[in-house]
Amino acid sequence: MVHSHSVDRTSDRYLKCDVKCKRKATNQCHGCGKIHCSDHYLEHHNKLKDHFKYVIHTRDLLSQELKLLTSQLSTNVTLDLVKQIYKLQMESTKN
(Lines of atoms letter the chains of each structure in order from A and count residues from 1; the text may use other names and numbers.)
(Lines give C-alpha, C1' and ligand atoms only; values in the text may rest on other atoms or scores of the structure.)
Protein backbone atom coordinates (compact mmCIF):
# COMPACT_ATOMS: atom_id res chain seq x y z
CA MET A 1 0.00 0.00 0.00
CA VAL A 2 1.03 3.61 -0.45
CA HIS A 3 1.89 5.07 2.93
CA SER A 4 4.34 7.81 2.03
CA HIS A 5 1.89 10.46 3.24
CA SER A 6 -0.58 9.93 6.02
CA VAL A 7 -4.07 11.22 5.54
CA ASP A 8 -4.86 13.95 8.06
CA ARG A 9 -8.33 13.28 9.44
CA THR A 10 -8.46 16.73 11.06
CA SER A 11 -8.84 18.59 7.78
CA ASP A 12 -11.99 20.33 8.99
CA ARG A 13 -9.76 22.72 10.93
CA TYR A 14 -9.22 24.56 7.64
CA LEU A 15 -12.90 25.43 7.42
CA LYS A 16 -13.39 26.89 10.88
CA CYS A 17 -13.84 30.62 10.62
CA ASP A 18 -14.76 32.10 13.98
CA VAL A 19 -14.31 35.78 13.26
CA LYS A 20 -15.62 38.47 15.59
CA CYS A 21 -14.84 41.53 13.56
CA LYS A 22 -16.41 44.93 13.99
CA ARG A 23 -15.52 46.10 10.49
CA LYS A 24 -18.21 46.36 7.85
CA ALA A 25 -18.87 43.06 6.14
CA THR A 26 -18.87 43.63 2.39
CA ASN A 27 -18.01 40.28 0.80
CA GLN A 28 -20.19 37.20 0.75
CA CYS A 29 -18.78 33.74 0.18
CA HIS A 30 -20.82 32.01 -2.52
CA GLY A 31 -19.99 28.62 -1.03
CA CYS A 32 -21.10 29.00 2.58
CA GLY A 33 -23.08 32.24 2.41
CA LYS A 34 -21.14 33.93 5.22
CA ILE A 35 -20.40 37.63 4.92
CA HIS A 36 -16.93 38.94 5.84
CA CYS A 37 -14.96 42.16 5.80
CA SER A 38 -12.35 42.37 3.04
CA ASP A 39 -9.47 41.05 5.17
CA HIS A 40 -11.43 38.19 6.69
CA TYR A 41 -12.91 37.32 3.30
CA LEU A 42 -9.39 36.86 1.94
CA GLU A 43 -8.49 34.78 5.00
CA HIS A 44 -11.61 32.66 4.50
CA HIS A 45 -10.83 32.29 0.80
CA ASN A 46 -7.25 31.19 1.57
CA LYS A 47 -8.46 28.63 4.11
CA LEU A 48 -10.84 27.19 1.53
CA LYS A 49 -8.06 27.16 -1.07
CA ASP A 50 -5.76 25.30 1.35
CA HIS A 51 -8.53 22.83 2.15
CA PHE A 52 -9.15 22.27 -1.56
CA LYS A 53 -5.43 21.53 -2.06
CA TYR A 54 -5.65 19.05 0.83
CA VAL A 55 -8.68 17.36 -0.75
CA ILE A 56 -6.91 17.07 -4.12
CA HIS A 57 -3.79 15.69 -2.42
CA THR A 58 -5.87 13.14 -0.50
CA ARG A 59 -7.69 12.16 -3.69
CA ASP A 60 -4.36 11.61 -5.45
CA LEU A 61 -3.09 9.42 -2.58
CA LEU A 62 -6.28 7.37 -2.60
CA SER A 63 -6.07 7.02 -6.37
CA GLN A 64 -2.49 5.73 -6.12
CA GLU A 65 -3.49 3.27 -3.43
CA LEU A 66 -6.48 2.09 -5.46
CA LYS A 67 -4.27 1.53 -8.51
CA LEU A 68 -1.83 -0.48 -6.41
CA LEU A 69 -4.59 -2.58 -4.88
CA THR A 70 -6.19 -3.11 -8.29
CA SER A 71 -2.91 -4.29 -9.78
CA GLN A 72 -2.37 -6.69 -6.87
CA LEU A 73 -5.91 -7.97 -7.19
CA SER A 74 -5.41 -8.56 -10.90
CA THR A 75 -2.26 -10.57 -10.18
CA ASN A 76 -4.04 -12.64 -7.53
CA VAL A 77 -7.03 -13.25 -9.79
CA THR A 78 -4.71 -14.29 -12.62
CA LEU A 79 -2.88 -16.73 -10.35
CA ASP A 80 -6.18 -18.20 -9.17
CA LEU A 81 -7.28 -18.69 -12.77
CA VAL A 82 -3.98 -20.36 -13.69
CA LYS A 83 -4.37 -22.69 -10.69
CA GLN A 84 -7.91 -23.58 -11.76
CA ILE A 85 -6.75 -24.28 -15.32
CA TYR A 86 -3.89 -26.45 -14.05
CA LYS A 87 -6.27 -28.34 -11.78
CA LEU A 88 -8.69 -28.94 -14.67
CA GLN A 89 -5.82 -30.13 -16.87
CA MET A 90 -4.64 -32.52 -14.20
CA GLU A 91 -8.15 -33.90 -13.70
CA SER A 92 -8.68 -34.31 -17.44
CA THR A 93 -5.44 -36.29 -17.88
CA LYS A 94 -6.46 -38.72 -15.11
CA ASN A 95 -9.45 -39.90 -17.17
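The numbers in the working numbering rise by one with no breaks, and the one at position 62 of the sequence shown is 904.
Where is the CB? At the ideal position from N, CA and C, for every residue including glycine.
Buried or exposed: His872, going by 16 or more other Cβ atoms within 10 Å of its Cβ?
-> Position 30 of the sequence shown, counted from the start, is the residue given in the question as residue 872. The residue is exposed, with fewer than 16 neighbouring Cβ atoms inside 10 Å.
State the DSSP-derived secondary structure class of His878, mapped to helix, strand or coil.
-> Within the sequence shown, the letter at position 36 stands for residue 878. His878 falls in the strand class under three-state DSSP.
Please work out which residues of its chain come closer than 6 Å, Cβ to Cβ, to Gln870, disregarding the five sequence neighbours upstream and downstream, and give them in chain order.
-> Within the sequence shown, the letter at position 28 stands for residue 870. Around Gln870: Ile877.
Applying the criterion that 16 or more other CB atoms from any shown protein chain within 10 Å of the CB defines a buried residue, is Met932 buried or exposed?
-> One-based indexing of the sequence shown puts residue 932 at position 90. By the 10 Å Cβ count, Met932 comes out exposed.
Cβ-Cβ distance between Cys863 and Asp881 below 9 Å | If you number the sequence shown from 1, residue 863 lands on position 21. If you number the sequence shown from 1, residue 881 lands on position 39. Against a cut-off of 9 Å, the Cβ pair of Asp881 and Cys863 comes out as a contact.
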